[in-house]
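Participant:
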Amino acid sequence: MNLLLPAIVCAQRFVDIDSTGNDEDLVRFFCLHVIENALKTKLDSQPTEALMPINEVLMRWLQDKGPEVEAQTFVWNKFAYLFVLLFRRMYATHATQMMSELVELVASGRNRERMADMYLR
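Residue numbering for the sequence shown follows full-length UniProt numbering, beginning at 1 and increasing consecutively.
(1) For F74, count neighbouring C-beta atoms within 10 Å of its own C-beta (all shown protein chains included) and say buried if the count is 16 or more, exposed if not.
(2) Kindly indicate which three-state DSSP category D64 falls into: helix, strand or coil?
(3) Judging by CA-CA distance, which residue of S45, M99, N22 is the nearest neighbour of F83?
(4) Let me make sure I understand the geometry here. Which of V27, D64, V106, L4 has the alpha-carbon closest to that of K78?
(5) For V69, does the three-state DSSP call read helix, strand or coil?
(6) Taking its Cβ as the centre, do 16 or more other Cβ atoms sit within 10 Å of L62, making it buried, or is it exposed?
(7) Kindly give me the distance between the Cβ atoms of L3 and Q72, rounded to whole angstroms, as I take these residues to be in contact under 8 Å.
(8) Can you tell me whether T48 is helix, strand or coil according to DSSP?
(9) Taking the alpha-carbon of G34 as reference, which of A92, S108, F87, R13 has the nearest alpha-carbon?
(10) Quick one: residues in its chain with C-beta nearer than 8 Å to the C-beta of T93, no 5 flanking neighbours on either side, listed in chain order?
(11) Under a Cβ-count criterion, where at least 16 other Cβ atoms within 10 Å of its own Cβ denotes burial, should D16 be classed as buried or exposed?
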């Protein structure tokens, strides 16, 4: 049984939100909070491969929608924190492209300030 299934569902819900506004930001934050809780409480009991769906969904959002999303700072802070949690666990063995993908986003010029902020975190 994949104990991270609720986190995977919330990651997908997070990326499916297309509009912006206070209510949408609260839903985004809640989704990210569920993911954070799953990662913090179940991370050690799951193989790193089980994290790949979450990593892929969040990276896809960062690449496709992230530069254009005008989410509130608390959403971006939570997203950055999750990115760091995933990066620490996955970069060396399973997601070695994470850093190069982030550098490409900074270089793309699409909301360079936001992407540089993500890179520096």
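All C-beta atoms, glycine included, are put in the ideal place defined by N, C-alpha and C. Since this is a predicted model, take the numbers as computed values, not measurements.
Facilitator: This is what the structure gives:
(1) exposed
(2) helix
(3) M99
(4) V27
(5) coil
(6) buried
(7) At roughly 30 Å, the Cβ-Cβ gap does not stay under 8 Å, so L3 and Q72 are not in contact.
(8) helix
(9) The amino acid occupying residue 34 in the given sequence is Val; Gly does not appear at that position. Here the closest residue by C-alpha is R13.
(10) T48
(11) exposed
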